[in-house]
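A.B. asks: I have a structure I would like to understand better, so I am pasting it below and will then ask my questions one at a time.
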Amino acid sequence: MKQIPLTPKRFSPLQQTATVGVVMLVIVTAIVMLRQQMLLVQQQQQVHSRIDLYAGFLQDSIDRLLGDHEALLNYAQENLNQLTPLTDQERSQLETYAAGLHADSNWVRAYQIVDDGIIRFTYPLRGNESALNYDLLRDAPAVVSADVRLGIRTGEMTITGPVQLVQGTQGFIIRRRVSGDEQHSRLVAIVFDLSRLLEESGMLLSEAGELSLAVQNDKGGLVSGEEAVLHRSPQTQVVDLVAQKWIVAGVPQNGWGVVHRGQLLATTAAGLLITALSTLLTWVVSSRHADLSAAVNRGTEDLRIANEQLVRDVFLRTQTEEALREAMKRLRSVFDQAAVGLVVVGVESGIVVEWNRYLAELLGWDATESVDRPLTQLVAPAFRHELQHSVEQV
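Numbering (the numbering used here), first residue to last: 330 to 723.
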């Protein structure tokens, strides 16, 4: 019969240690990944907060710029004759008004009046001399001419840029046609310097600290910064310019998660140390347990062997006793079949006349030599007197 083991099969110490090591490594990896994700989310929130701040500053500057443009547009509509060129008095009054607007807007490069596509007024004149009487429909780049024609045709606000300005710098131009004039097209324009606007908003690289910033318009065009920023999963915020929207994007200069490598390395090192200690402890405990189990198994095997030997001894004893009982049974049968006496003695002569053949064979005695001999000669001399006395009594 097949023996069923009393104890379940156990893993070896090496298998137990390897299992614990693998499980601990999986746990440590999960903890490190979770820690990395938490730190990344925390960094993204911090960057997003700064982007919100920069976008808020930029939105404030844009709102002031749009407010200046709206104020200049209203002034031109209410105080300038739309059908005739600007008079000297109108120019003087317009310069005074524009100077007031320019006082708190140092990023504005020029306030302009454009009649039939030609710049007829610009303030301040210093630094903008080359722009005066410049024909935007004929001499300007195609993108500028297209926006001028669009503004004249629709009357809607147009924003052109970033473009190389006549003044020699990169900038944007906001234009809108003065309403109520169907025959003569007059546009009010504000030219602003992009770098100064970003500086006012705290978005220049020197002020952005550890962030790389970029600005993109809603058509996908790059306004400022490097296009690579837009492909590095940046945090973004929208700035509304009415005619278009700008998207302010920012990422850490060194990439996401780089600043937290030290913390992740510390977490990983701690996890590996715990893993090493756990596997070492598992090896020690499992090895000792295996040794103890082996000792118990050896003792159990010895007991099993002794028990089997005892079973065999009991079996042999049982068989011996059975054989003994059988022999006794046979002996009893012989005695039952044999006469009571060993020899028959004459009463008067005292000589052996006959013997019990069965009993003689049982005792191993040759009775043929005893026939016709006195009974007393068959007994040792020391017992002859007692034998004679017993015979006389019988």
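Note that CB positions come from ideal geometry on N, CA and C, so glycine has one too.
Would DSSP call Ser615 helix, strand or coil?
C.D. replies: If you number the sequence shown from 1, residue 615 lands on position 286. In the structure shown, Ser615 sits in a helix (DSSP, three-state: H, G or I).
A.B. asks: Glu556 to Gln545, Cα distance in whole Å?
C.D. replies: Position 227 of the sequence shown, counted from the first residue, corresponds to residue 556. Position 216 of the sequence shown, counted from the first residue, corresponds to residue 545. The straight-line gap from Cα to Cα measures roughly 9 angstroms.
A.B. asks: Measuring CB to CB, does Ser524 end up less than 9 angstroms from Gln406?
C.D. replies: As a working mapping, residue 524 is identified with position 195 in the sequence shown. As a working mapping, residue 406 is identified with position 77 in the sequence shown. No, the pair does not count as a contact, with Cβ atoms beyond the cut-off.
A.B. asks: At what residues does the beta strand (DSSP E) containing Arg467 begin and finish?
C.D. replies: Against the sequence shown, residue 467 aligns to sequence position 138. No beta strand (DSSP E) holds Arg467; DSSP gives it neither H nor E.
A.B. asks: Pro563 to Glu424, Cα distance in whole Å?
C.D. replies: Within the sequence shown, numbered from 1, the residue matching residue 563 stands at position 234. Within the sequence shown, numbered from 1, the residue matching residue 424 stands at position 95. About 43 angstroms.
A.B. asks: Relative to the C-alpha of Leu454, which candidate in Gly484, Ser474, Ser421, Arg467 has its C-alpha closest?
C.D. replies: To locate residue 454, count along the sequence shown from 1; it is residue 125. The shortest Cα separation from Leu454 among Gly484, Ser474, Ser421, Arg467 belongs to Ser421.
A.B. asks: Compute the Euclidean distance between the alpha carbons of Leu285 and Thr416, then round it to the nearest angstrom.
C.D. replies: Outside the shown range of the chain (330 to 723) lies residue 285, about which nothing can therefore be said.
A.B. asks: With three or more beta-carbon pairs closer than 8 angstroms as the criterion, would you say the segment 464-484 touches the segment 547-555?
C.D. replies: no
A.B. asks: Could you check if Asp626 is buried or exposed, using at least 16 other CB atoms within 10 Å of its CB as the buried criterion?
C.D. replies: Position 297 of the sequence shown, counted from the first residue, corresponds to residue 626. The question names Asp, but residue 626 in the sequence shown is Asn. Exposed, because fewer than 16 other Cβ atoms sit within 10 Å of the Cβ of Asn626.
A.B. asks: Mapping DSSP to helix, strand and coil, what is Pro734?
C.D. replies: Because residue 734 is not part of the residues shown, which for the chain are 330 to 723, the question remains open.
A.B. asks: Can you list, in chain order, the residues of its chain whose CB lies under 6 angstroms from that of Thr597, leaving out five sequence neighbours each side?
C.D. replies: Taking the sequence shown and counting its residues from 1, the one referred to as residue 597 is at position 268. Result list for Thr597: Val361, in chain order.
A.B. asks: Does the Cβ of Gln366 lie closer than 8 angstroms to at least one heavy atom of the ligand SAM?
C.D. replies: Looking at this structure, you won't find the ligand SAM or any other ligand, since it has none at all.
A.B. asks: In chain order, what residues of the same chain lie with their CB nearer than 8 angstroms to the CB of Val567, ignoring the 5 residues before and after it?
C.D. replies: Sequence index remark: in the sequence shown, residue 567 carries index 238 (1-based). If we look at Val567 and ignore the five residues flanking it on each side, its Cβ neighbours are Ala384, Lys574, Trp575, Ile576, Val577.
A.B. asks: Reducing DSSP to helix, strand and coil, say where Gly396 ends up.
C.D. replies: Counted from its first residue, the sequence shown places residue 396 at position 67. The answer is helix: DSSP assigns Gly396 an H, G or I state.
A.B. asks: To the nearest angstrom, how far is the alpha carbon of Ala689 from that of Gln648?
C.D. replies: One-based indexing of the sequence shown puts residue 689 at position 360. One-based indexing of the sequence shown puts residue 648 at position 319. So the alpha carbons of these two residues sit roughly 30 angstroms apart.
A.B. asks: Ends of the alpha helix (DSSP H) at Ser421?
C.D. replies: Reading the sequence shown from its first residue, position 92 is the one you call residue 421. Its alpha helix (DSSP H) spans residues 417-431.
A.B. asks: For the candidate residues Val477, Gln344, Thr348, whose alpha-carbon lies nearest to that of Leu516?
C.D. replies: Residue numbering aside, residue 516 sits at position 187 when the sequence shown is read from its first letter. That would be Val477, whose Cα lies nearest to the Cα of Leu516.
A.B. asks: Let me check one thing: in DSSP terms, what residues is Tyr440 bridge-paired to?
C.D. replies: Indexing the sequence shown from 1 puts residue 440 at position 111. DSSP, once it has assigned bridges, lists Tyr452, Ile519 as partnering Tyr440.
A.B. asks: Write down every uninterrupted run of the beta strand (DSSP E) in the segment 351-382 whose length is 3 residues or greater and which is fully enclosed by it, in chain order.
C.D. replies: none
A.B. asks: Under DSSP, the alpha helix (DSSP H) around Arg504 begins and ends at which residues?
C.D. replies: For the purposes of this step, residue 504 is identified with residue 175 of the sequence shown, where counting begins at 1. It is not in any alpha helix (DSSP H) - Arg504 instead sits in the beta strand (DSSP E) that spans 499-506.
A.B. asks: Using a 10 Å radius around the Cβ and a threshold of 16 neighbouring Cβ atoms, would you call Leu610 buried or exposed?
C.D. replies: As a first step, residue 610 is located in the sequence shown; it is residue number 281 there, counting from the start. Classification of Leu610: exposed, given that the 10 Å Cβ count is below 16.
A.B. asks: With DSSP as the reference, identify every bridge partner of Gln717, one or two as the case may be.
C.D. replies: Indexing the sequence shown from 1 puts residue 717 at position 388. Gln717 pairs with nothing; no bridge assigned.
A.B. asks: Can you give me the Cβ contacts of Arg364 inside the same chain, cut-off strictly under 6 angstroms, excluding the 5 residues immediately before and after it?
C.D. replies: Counting from one through the sequence shown, the residue named residue 364 turns up at place 35. Excluding residues up to 5 positions away in sequence, Thr596 lie with their Cβ nearer than 6 angstroms to the Cβ of Arg364 in the same chain.
A.B. asks: Could you please give me the residues that DSSP links to Ala578 through a beta bridge?
C.D. replies: On the sequence shown, position 249 is the one that residue 578 refers to. Paired residue(s): Ala543, Thr565.
A.B. asks: Determine the DSSP secondary structure at Ser553, reduced to helix, strand or coil.
C.D. replies: Counting from 1 along the sequence shown, the entry for residue 553 is found at position 224. The answer is strand: DSSP assigns Ser553 an E or B state.
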